[in-house]
Amino acid sequence: MIKGIYTSASGMIPRVEKQEIIANNVANAGATGFKKDNLFVRELSIAERKTIPTKHDWEKPMVDDTYVDFTPGAFDKTNNPLDLAIDGDGFFRLQGADGSIALTRSGAFMVDSQGYISFPGGYRLMGESGPIQVGNGVVTVAQSGEVQVDSSTVGRIVPMTVPDVQELDKIGSALFQVPQKVEMTPAVASGIQQGYLETSNVDIVREMVDMIIAYREYEANAKALQQQDASLDNLFNRVAGKN
529 MIKGIYTSAS GMIPRVEKQE IIANNVANAG ATGFKKDNLF VRELSIAERK
579 TIPTKHDWEK PMVDDTYVDF TPGAFDKTNN PLDLAIDGDG FFRLQGADGS
629 IALTRSGAFM VDSQGYISFP GGYRLMGESG PIQVGNGVVT VAQSGEVQVD
679 SSTVGRIVPM TVPDVQELDK IGSALFQVPQ KVEMTPAVAS GIQQGYLETS
729 NVDIVREMVD MIIAYREYEA NAKALQQQDA SLDNLFNRVA GKN
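In short: position in the sequence shown from 1, add 528, done, that's my numbering.
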């Protein structure tokens, strides 16, 4: 009986976390370049099913980890020359005021007071040879990443990636930090689209459906827990009555 109560309660925990993740995804659905989060829920492997269960098997947590879905979002045409999107793999490489490096798929850039292409939060867009300075001229970005100002080349944008994107740490709605000892390399077969922004990869309808499913599963486990608790209470009352 106690095992059944624990099993029902442990079945509720992933649904609570799932609701929190979905709520965050929906809240950031309009954020450019946002990548939604998802949840790994533990299931017994075939090997575990074939072995004799131990008394500790039912104590194993049902939530293994959360992960980021890096599926690309759709492209939204803006015609703003400072709006950029990566067609293919990779991320824009940004440098913070403290020298820290961040990656993003959001290409909503602007020009700061010193003429550098910048990103909200004090970051500057890094090119092949450092931050890209464009001044007040007319900016043109080729698909190859070459940046020109009034027909003069000032730098080249090179989308960067890492061997395993799941190692990236999310530090903002669309920003990722590269852990130490993880090497960045240029992305292969990626191009730059000027005048476009990559939207978030959140499907509102799908998220709402998942939210309803998670709620119903939570509700079912909660009712099962209540029934087992009531049965256990009834058993204790009977035992106490006999004494």
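Cβ atoms here follow ideal geometry from the backbone N, Cα and C, with glycine treated the same way.
query, result
"Can you tell me whether Asn553 is buried or exposed? The criterion is at least 16 other CB atoms within 10 Å of its CB, across all chains shown.", "buried"
"Go through its chain and collect everything with a Cβ distance to Asp697's Cβ below 7 Å, but skip five positions before and after it.", "Phe704, Gln705, Pro707"
"At what residues does the beta strand (DSSP E) containing Lys605 begin and finish?", "603-605"
"On a CA-only basis, which of Asn762, Gln754, Met739 is nearest Leu567? Give me that one, please.", "Met739"
"Between Arg744 and Asn556, what straight-line distance do the alpha-carbon atoms span, to the nearest angstrom?", "24 Å"
"Can you give the Cα-Cα distance for Lys751 and Arg734, rounded to whole angstroms?", "26 Å"
"What is the rounded straight-line gap between the Cα of Pro687 and the Cα of Gln755?", "56 Å"
"Taking C-alpha atoms, which residue in Gln694, Pro691, Ile685, Gln661 lies nearest to Asp678?", "Gln661"
"How big is the Cα-Cα spacing for Thr606 and Asp615?", "16 Å"
"What is the DSSP secondary structure of Met529, counted as helix, strand or coil?", "With a pLDDT of only 49 at Met529, under the threshold of 50, the placement of this residue in the model should not be trusted; the figure read from the coordinates follows. Coil."
"Sorted by chain position, which residues of the same chain lie with C-beta nearer than 7 Å to Ala636's C-beta, five sequence neighbours on each side aside?", "Thr560, Asp611, Leu725"
"If you draw a straight line from the C-alpha of Ile685 to the C-alpha of Ile741, how long is it?", "43 Å"
"Note down the Cα distance separating Gly627 from Val682, rounded to an integer number of angstroms.", "21 Å"
"Below 8 Å on the Cβ atoms is my contact criterion, and I expect Gly719 with Gln671 to pass it. Report the Cβ-Cβ distance as a whole number of Å.", "4 Å"
"Please report the Cβ distance between Phe619 and Thr599, rounded to the nearest whole angstrom; I am assuming they are in contact, meaning their Cβ atoms lie under 8 Å.", "Their Cβ separation, rounded to whole angstroms, is 14 Å, which puts Phe619 and Thr599 out of contact at 8 Å."
"Runs of 3 residues minimum, wholly inside the region 624-672: which ones carry the beta strand (DSSP E) assignment?", "629-632, 645-647, 651-655, 667-669"
"By the three-class DSSP mapping on this structure, what secondary structure does Met736 have?", "helix"
"Need the endpoints of the beta strand (DSSP E) that Gly683 sits in, please.", "680-684"
"What are the residues that DSSP puts in a beta bridge with Pro714?", "Met688"
"Hey, out of Gln623, Thr689, Val693, Ala551, whose CA is closest to Val716's CA?", "Thr689"
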